[in-house]
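Protein chains: 2
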Amino acid sequence: MPNRYNGAIMATRTRRSGSQLSPDQIIEAVLRIAERGGSDAFTVRRLGEELGADPTAIYRHFRDKDELLLSVADRAFGEAIDGIPAGLGWKDRLRALAAGSLRVALKYPVVVSMTASRTTRREREFLIVEFILECVHEAGLEGGEAALLYRSFGDALLAFIGQTAAFRLFDPDVQAGDLAAWAREYRTLDPARFPHITRLSDELAAVDEQEIFDVRVEAMVSEIERRAALTSRRRAAPAPEEPSEQA
Amino acid sequence: MPNRYNGAIMATRTRRSGSQLSPDQIIEAVLRIAERGGSDAFTVRRLGEELGADPTAIYRHFRDKDELLLSVADRAFGEAIDGIPAGLGWKDRLRALAAGSLRVALKYPVVVSMTASRTTRREREFLIVEFILECVHEAGLEGGEAALLYRSFGDALLAFIGQTAAFRLFDPDVQAGDLAAWAREYRTLDPARFPHITRLSDELAAVDEQEIFDVRVEAMVSEIERRAALTSRRRAAPAPEEPSEQA
DNA sequence: CCGGAGAGCGCAACACCGTTGACAACAGTG
DNA sequence: CACTGTTGTCAACGGTGTTGCGCTCTCCGG
Numbered sequence: 011m012p013n014r015y016n017g018a019i020m021a022t023r024t025r026r027s028g029s030q031l032s033p034d035q036i037i038e039a040v041l042r043i044a045e046r047g048g049s050d051a052f053t054v055r056r057l058g059e060e061l062g063a064d065p066t067a068i069y070r071h072f073r074d075k076d077e078l079l080l081s082v083a084d085r086a087f088g089e090a091i092d093g094i095p096a097g098l099g100w101k102d103r104l105r106a107l108a109a110g111s112l113r114v115a116l117k118y119p120v121v122v123s124m125t126a127s128r129t130t131r132r133e134r135e136f137l138i139v140e141f142i143l144e145c146v147h148e149a150g151l152e153g154g155e156a157a158l159l160y161r162s163f164g165d166a167l168l169a170f171i172g173q174t175a176a177f178r179l180f181d182p183d184v185q186a187g188d189l190a191a192w193a194r195e196y197r198t199l200d201p202a203r204f205p206h207i208t209r210l211s212d213e214l215a216a217v218d219e220q221e222i223f224d225v226r227v228e229a230m231v232s233e234i235e236r237r238a239a240l241t242s243r244r245r246a247a248p249a250p251e252e253p254s255e256q257a
Numbered sequence: 011m012p013n014r015y016n017g018a019i020m021a022t023r024t025r026r027s028g029s030q031l032s033p034d035q036i037i038e039a040v041l042r043i044a045e046r047g048g049s050d051a052f053t054v055r056r057l058g059e060e061l062g063a064d065p066t067a068i069y070r071h072f073r074d075k076d077e078l079l080l081s082v083a084d085r086a087f088g089e090a091i092d093g094i095p096a097g098l099g100w101k102d103r104l105r106a107l108a109a110g111s112l113r114v115a116l117k118y119p120v121v122v123s124m125t126a127s128r129t130t131r132r133e134r135e136f137l138i139v140e141f142i143l144e145c146v147h148e149a150g151l152e153g154g155e156a157a158l159l160y161r162s163f164g165d166a167l168l169a170f171i172g173q174t175a176a177f178r179l180f181d182p183d184v185q186a187g188d189l190a191a192w193a194r195e196y197r198t199l200d201p202a203r204f205p206h207i208t209r210l211s212d213e214l215a216a217v218d219e220q221e222i223f224d225v226r227v228e229a230m231v232s233e234i235e236r237r238a239a240l241t242s243r244r245r246a247a248p249a250p251e252e253p254s255e256q257a
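Residue numbers (the numbering used here), protein chains in the order written: chain R, 11 to 257; chain P, 11 to 257.
This is the structure:
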């Protein structure tokens, strides 16, 4: 029998006249699915269901699933940068970008976890790159040093949200098991072999995810600031000893 | 019932002469495959081929592919910590751990990319946790602050090597495309809309991956140092203003 | 010394995945 | 009206992880 997703037979037939599917409609369907579902949410067949169309209809609008994914990701990342208020200093702008990115990762975990080591090369990616470069520039970095710290910050942020998103995709059982490990298994290790773990087992179990996020963001912000201070100092007093900023 | 908590029973019971497969043999076969192959290297059927056995034979020794993966990952991460020389300061020990982890990620990309947001809860993971905690302790952090910075460093490291490994797994075409984007597409953007990108396009294309790695590791090391300095200062002179480390 | 028990493996099959090629129905154009 | 190109449907292909069944062969108790 034709079309086993039955509710939609007549609809597809009649609406067949115009093109019922558009790239935007498909992208939005993916975002809807991603927002609802777990790790297996974004499959071609499920997307067909969501659209009330044959799964393979997508291939009329996107070369393959990967191209669709990148388009979806670009749309999603747009949300990360949207709500950033103007008039903030470069540090707070970077912090706001990080917070927005994390928000997106928690909203569309499937999409973010599949994209976090990719380059979309689309409109909104350029916007974010420009955004970070502007911050780095305002911090006082130039040329190769600015490029390096942009890449470091951007990659670090992407890695973090990708990691977070991927974790949220595991079965609740696996997630719970991983989290409980801190409270259960680490506490019962041999204190002779693992003195620090056993001593800190309570504190290890109590660490807050949000705090980890803040530490990692702050580490990158401070690193940018530190390197900016170094270059400006070098510019002011040319060629002293490379100041060894540690013990 | 098959023997799912591998190793232990086999060891106590006299070893069956007829059984050709052991958990260790399987783990090593996976490592061999992972070292050779790309993203599709670690499949059950390929593993069967490598072992010269039926693919499903694995399920007599591991509950499912995931349990096998975690065992393999634990073995692999052992290599990260093995070659770290004694007698280094905490900073250099953390740097050595990071370098070793990156080495492992490049050696077994499939394994690392599949594990980077997981917890193996196995022997060698505990060793690495203890290792980092010892460094953080030596840096001067205690209690909840030590736990927090351990988690931040560990997760950041895991995220980075996972991201790197995942990238190496893409088709060479995709990899080349992503890398070339910096040199090609970013250069042709509209300078009015993207002034920083176009101004720095040459430097962006020239950024070295190893430098990014160093920046990100150094950022975390510095953050640990910074927070350690704050707590010790707080301990020396209790409850002043939170010292804002200059704008 | 023998026979049952059960571990280890092979095989076929299942449900799912992304993707392709052939075909049908429609829109727009001459 | 006929033609052409676009878009949706459908069946099918090769891939994945996993399971149930049956065979073999080792081990252990009698």
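Every residue, glycine too, gets a C-beta built ideally from N, C-alpha and C.
Compare the C-beta of residue i with all C-beta atoms of chain P and state if any pair is closer than 8 Å.
{"i": "threonine 241/R", "result": "no"}
{"i": "isoleucine 43/R", "result": "no"}
{"i": "glutamate 228/R", "result": "yes"}
{"i": "alanine 216/R", "result": "yes"}
{"i": "threonine 198/R", "result": "no"}
{"i": "isoleucine 138/R", "result": "no"}
{"i": "isoleucine 91/R", "result": "no"}
{"i": "alanine 109/R", "result": "no"}
{"i": "leucine 210/R", "result": "yes"}
{"i": "serine 32/R", "result": "no"}
{"i": "valine 225/R", "result": "yes"}
{"i": "aspartate 50/R", "result": "no"}
Exposed or buried, what is residue i when buried is set at 16 or more other beta-carbons lying within 10 Å of its beta-carbon?
{"i": "proline 119/P", "result": "buried"}
{"i": "leucine 116/P", "result": "exposed"}
{"i": "aspartate 50/P", "result": "exposed"}
{"i": "arginine 70/R", "result": "exposed"}
{"i": "leucine 80/R", "result": "buried"}
{"i": "leucine 9/P", "result": "An answer regarding residue 9/P cannot be provided, because it is not within the stretch 11 to 257 covered by chain P."}
{"i": "glutamine 173/R", "result": "buried"}
{"i": "serine 242/P", "result": "exposed"}
{"i": "aspartate 183/P", "result": "exposed"}
{"i": "serine 211/P", "result": "buried"}
{"i": "glutamate 59/P", "result": "exposed"}
{"i": "lysine 101/P", "result": "buried"}
{"i": "threonine 125/P", "result": "buried"}
{"i": "glutamate 233/R", "result": "buried"}
{"i": "aspartate 165/P", "result": "buried"}
From the beta carbon of residue i, is the nearest beta carbon of chain R less than 8 Å away?
{"i": "threonine 53/P", "result": "no"}
{"i": "leucine 143/P", "result": "yes"}
{"i": "isoleucine 37/P", "result": "no"}
{"i": "methionine 11/P", "result": "Its pLDDT being 35, under 50, methionine 11/P is placed unreliably by the model, and the measurement read from it follows with that caveat. Answer no: the Cβ-Cβ gap between methionine 11/P and chain R never drops below 8 Å."}
{"i": "glutamate 148/P", "result": "no"}
{"i": "alanine 176/P", "result": "yes"}
{"i": "phenylalanine 204/P", "result": "yes"}
{"i": "isoleucine 207/P", "result": "yes"}
{"i": "leucine 104/P", "result": "no"}
{"i": "arginine 236/P", "result": "yes"}
{"i": "isoleucine 222/P", "result": "yes"}
Cβ of residue i within 7 Å of any heavy atom in the ligand ADP?
{"i": "alanine 90/R", "result": "As presented, the structure is devoid of all ligands, the ligand ADP included, so that no description of it is given."}
For the segment 151 to 173 of chain R, which residues have a CB atom closer than 8 Å to at least one CB atom of chain P, in sequence order?
Residues are counted here when their Cβ sits less than 8 Å from a Cβ of chain P; for the segment 151 to 173 of chain R these are Gly153, Gly154, Ala156, Ala157, Leu158, Leu159, Tyr160, Arg161, Ser162, Asp165, Ala166, Leu168, Ala169, Phe170, Gly172 and Gln173, given in chain order.
Tell me which residues of the segment 179 to 195 of chain R have at least one Cβ-Cβ distance to chain P shorter than 9 Å, keeping chain order.
Leu179, Phe180, Val184, Gly187, Asp188, Leu189, Ala191, Trp192 and Glu195
Closer than 7 Å, Cβ to any Cβ of chain R: which residues of the segment 57 to 85 of chain P, in chain order?
none
Within the segment 189 to 252 of chain R, ranges of the alpha helix (DSSP H) (whole runs, at least 4 residues):
205 to 209, 211 to 216 and 219 to 246
Going residue by residue through the segment 124 to 200 of chain P, where are the continuous beta strand (DSSP E) segments of at least 3 residues, counting only ones entirely within it?
Listed in chain order, nothing qualifies, since the segment 124 to 200 of chain P has no complete beta strand (DSSP E) run of 3 or more residues.
Under 9 Å, CB to CB, which of the residues in the segment 114 to 134 of chain R have a partner in chain P?
Ser123, Ala126, Ser127, Arg128, Thr129 and Arg131
Quick check on the DSSP output: what are the complete beta strand (DSSP E) runs of length 3 or more inside the segment 51 to 99 of chain P, in order along the chain?
Counting only runs of 3 or more, we get nothing.
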